[in-house]
Amino acid sequence: MKHLEYLGDLFFCLHHDFVGNLHYDKKTAQAAFLYGTRTLEEIKGKKVVVLGTGEHSLWCKEMLSENGVEIAEYCDNDPAIIGRKFRGKTVGSPFDFFDTDTYHIIAAPDDELFEPAIDQLTHNGVEHYSFFFHTDTMINFQNEGLRAPIMEALNCLINNEYDPFIHKNAPMGVALRVMPGLEWYSEEVNWLYEDMKTAPEGLSVLDIGPGFGFVSLIIKALRPDCDMRWMSMEIEDRKIQTHIDTAGEKYPITQYFGVIEDPNYQIEGKYDAIIMTEVFEHFGASPAVTLKKIGESLKEGGRIYLSTPNWEKANMYRSWRDIPPFPGDREAYAARNKSRIVWADLNMKHSYIYTEQELLEVFEESGLKVERYELNGCNNFNYVLVRK
Numbered sequence: 021m022k023h024l025e026y027l028g029d030l031f032f033c034l035h036h037d038f039v040g041n042l043h044y045d046k047k048t049a050q051a052a053f054l055y056g057t058r059t060l061e062e063i064k065g066k067k068v069v070v071l072g073t074g075e076h077s078l079w080c081k082e083m084l085s086e087n088g089v090e091i092a093e094y095c096d097n098d099p100a101i102i103g104r105k106f107r108g109k110t111v112g113s114p115f116d117f118f119d120t121d122t123y124h125i126i127a128a129p130d131d132e133l134f135e136p137a138i139d140q141l142t143h144n145g146v147e148h149y150s151f152f153f154h155t156d157t158m159i160n161f162q163n164e165g166l167r168a169p170i171m172e173a174l175n176c177l178i179n180n181e182y183d184p185f186i187h188k189n190a191p192m193g194v195a196l197r198v199m200p201g202l203e204w205y206s207e208e209v210n211w212l213y214e215d216m217k218t219a220p221e222g223l224s225v226l227d228i229g230p231g232f233g234f235v236s237l238i239i240k241a242l243r244p245d246c247d248m249r250w251m252s253m254e255i256e257d258r259k260i261q262t263h264i265d266t267a268g269e270k271y272p273i274t275q276y277f278g279v280i281e282d283p284n285y286q287i288e289g290k291y292d293a294i295i296m297t298e299v300f301e302h303f304g305a306s307p308a309v310t311l312k313k314i315g316e317s318l319k320e321g322g323r324i325y326l327s328t329p330n331w332e333k334a335n336m337y338r339s340w341r342d343i344p345p346f347p348g349d350r351e352a353y354a355a356r357n358k359s360r361i362v363w364a365d366l367n368m369k370h371s372y373i374y375t376e377q378e379l380l381e382v383f384e385e386s387g388l389k390v391e392r393y394e395l396n397g398c399n400n401f402n403y404v405l406v407r408k
């Protein structure tokens with residue numbers, strides 16, 4: 021059982037996106053978190069040793085102190101530091117603490133050293149440990165009403181993982197894989213938080229291209245009574261375990277498979293809310309026709325929550341109007357478009373990144389109008405759309 025807990029905000033800074041590009045003047049918080057096998061309350065009953073003596077360990081000490089946890093010892097893997105004094109304590113080797121349950125190790129390494137640190141702990145049979153990390157965020161984690169469903173969704177995901185590839189490439193599992201998404205659709209999450217307060221009882225929600233299901237789980241945490249459904253890209257073998265098998269362990273979710281751009285594919289049911297986070301740019305055929313079909317699946321008064329990037333312009337087409345219709349045959353589609361990318365792979369890529377004006381053109385032709393709009397601090401378009 022893993023636990024992810026919010027410790028507090030370290031400081032505010034100019035926002036950088038996930039590849040380090042500075043965007044605008046929007047100041048965002050550096051939110052601090054603790055990820056590990058024990059909760060904060062459980063850690064308080066142990067002697068805490070921090071692995072690392074860099075600046076991250078200083079921030080770790082500050083945030084732990086604010087949460088009532090004091091540090092007993094420090095350790096480091098650098099032989100030049102072992103035996104020296106750090107914050108009034110003699111720095112030991114991490115191997116001095118591996119064989120005792122008296123201590124709880126909290127690793128606070130630089131970002132690039134997370135994987136070696138967890139490999140070291142795991143290889144030496146350390147059962148209980150935590151990682152301290154921080155990330156800049158445009159989400160107000162100090163708002164408990166908003167923070168609680170986000171943390172519940174994250175903890176649901178990190179305790180229901182099945183893909184070893186995730187662990188190999190992200191030592192803290194899916195947590196750091198989905199958290200950047202909060203930057204891309206930050207306003208969408210804020211709008212959903214407010215709209216769920218007044219949404220009808222038993223509301224129906226369709227999440228198109230849900231990925232890990234992060235947004236779905238946030239909504240489920242806000243409104244356990246909602247009827248949540250997923251529309252996922254068709255796969256060859258539906259017996260293959262998918263994200264819903266794990267997310268659905270806590271929340272019941274109905275999943276549909278299909279190719280949303282295929283005109284012969286009909287969306288089942290009508291919905292109070294349709295979620296499209298970072299999906300529209302993946303549509304490989306007939307974007308306006310497809311979005312019109314999606315809009316027609318809204319109930320009276322229903323909303324589409326759509327986010328899409330504004331930061332990549334290496335498009336596969338000169339104009340969105342050049343994106344072809346879906347012919348119904350994948351091989352014919354590839355031949356017709358001289359594409360060397362198979363359809364399944366094409367849908368995993370960004371087919372087209374739209375300008376604001378192009379999005380408005382698509383919405384107009386789809387019979388939709390903008391109810392709310394924000395170009396957020398991560399340079400992503402966030403929209404709420406309704407039928408005309």
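The sequence shown begins at 21 in my numbering and counts up by one. All residues carry an ideal CB built from backbone N, CA and C; glycine is no exception. No experiment lies behind these values; they were computed from the predicted model shown.
Under the assumption that residue i contacts residue j (Cβ atoms under 8 Å), give the Cβ distance between them as a whole number of angstroms.
i	j	result
Gln50	His154	5 Å
Phe401	Glu378	At roughly 10 Å, the Cβ-Cβ gap does not stay under 8 Å, so Phe401 and Glu378 are not in contact.
Thr122	Lys67	6 Å
Thr198	Phe234	The sequence given here places Val at residue 198; Thr does not occur at that position. Val198 to Phe234, Cβ: 5 Å. Contact.
Met158	Glu203	6 Å
Cys95	Ala128	Going by Cβ atoms, the distance from Cys95 to Ala128 rounds to 11 Å, so no, they are not a contact pair.
Leu395	Lys408	23 Å between Cβ atoms; not a contact.
Tyr291	Val225	6 Å
Ile126	Leu24	No, Ile126 and Leu24 are not in contact; Cβ-Cβ is about 14 Å, not under 8 Å.
Glu332	His370	6 Å
Leu223	Arg243	7 Å
Ser306	Phe346	6 Å
Ile294	Ser317	7 Å
Lys319	Tyr271	No, Lys319 and Tyr271 are not in contact; Cβ-Cβ is about 21 Å, not under 8 Å.
Ser150	Leu27	Actually they do not touch by this definition, with Cβ atoms about 11 Å apart.
Arg58	His124	6 Å
Gly201	Thr297	7 Å
Considering residue i, what are the terminal residues of the alpha helix (DSSP H) in which it resides?
i	result
Lys81	75–86
Ser402	The sequence given here places Asn at residue 402; Ser does not occur at that position. Unbroken run through Asn402 is the beta strand (DSSP E), 400–407; no alpha helix (DSSP H).
Ala334	First-last for Ala334: undefined, no H or E at that position.
Phe383	376–385
Phe134	134–143
Ala308	307–315
Glu61	60–63
According to DSSP, which residues form a beta bridge with residue i?
i	result
Phe115	DSSP, once it has assigned bridges, lists no residue as partnering Phe115.
Trp250	Asp227, Gln275
Lys109	Phe106
Gln3	This structure cannot settle anything about residue 3, because the visible part of the chain is limited to 21 through 408.
Gly56	His23, Ser150
Thr328	Phe401
Gly28	Ala52
In terms of residues, what are the limits of the beta strand (DSSP E) holding residue i?
i	result
Ile294	291–297
His124	123–127
Lys67	67–71
Glu391	388–395
Helix or strand or just coil, what does DSSP make of residue i?
i	result
Asp342	helix
Ala100	coil
Ala168	helix
Ile178	helix
Gln286	coil
Ile280	coil
Met199	helix
Tyr372	coil
Glu147	coil
Glu90	coil
Ile260	Here Ile260 scores only 46 on pLDDT, less than 50, and its place in the model should not be relied on; the value that follows carries that caveat. Coil at Ile260, not helix or strand.
Asp130	coil
Lys188	Because the pLDDT of Lys188 is 46, which lies under 50, any placement of that residue in the model is unreliable, and the number read from its coordinates should be weighed accordingly. Three-state result, Lys188: helix.
Against chain C, does residue i count as a neighbour if the rule is that its beta carbon must be under 9 Å from one of theirs?
i	result
Leu177	No chain C is present in this structure, which holds just one protein chain.
### Complete beta strand (DSSP E) runs within the stretch 209–247 (minimum length 3 residues, chain order)
Complete beta strand (DSSP E) runs here, min 3: 224–228.
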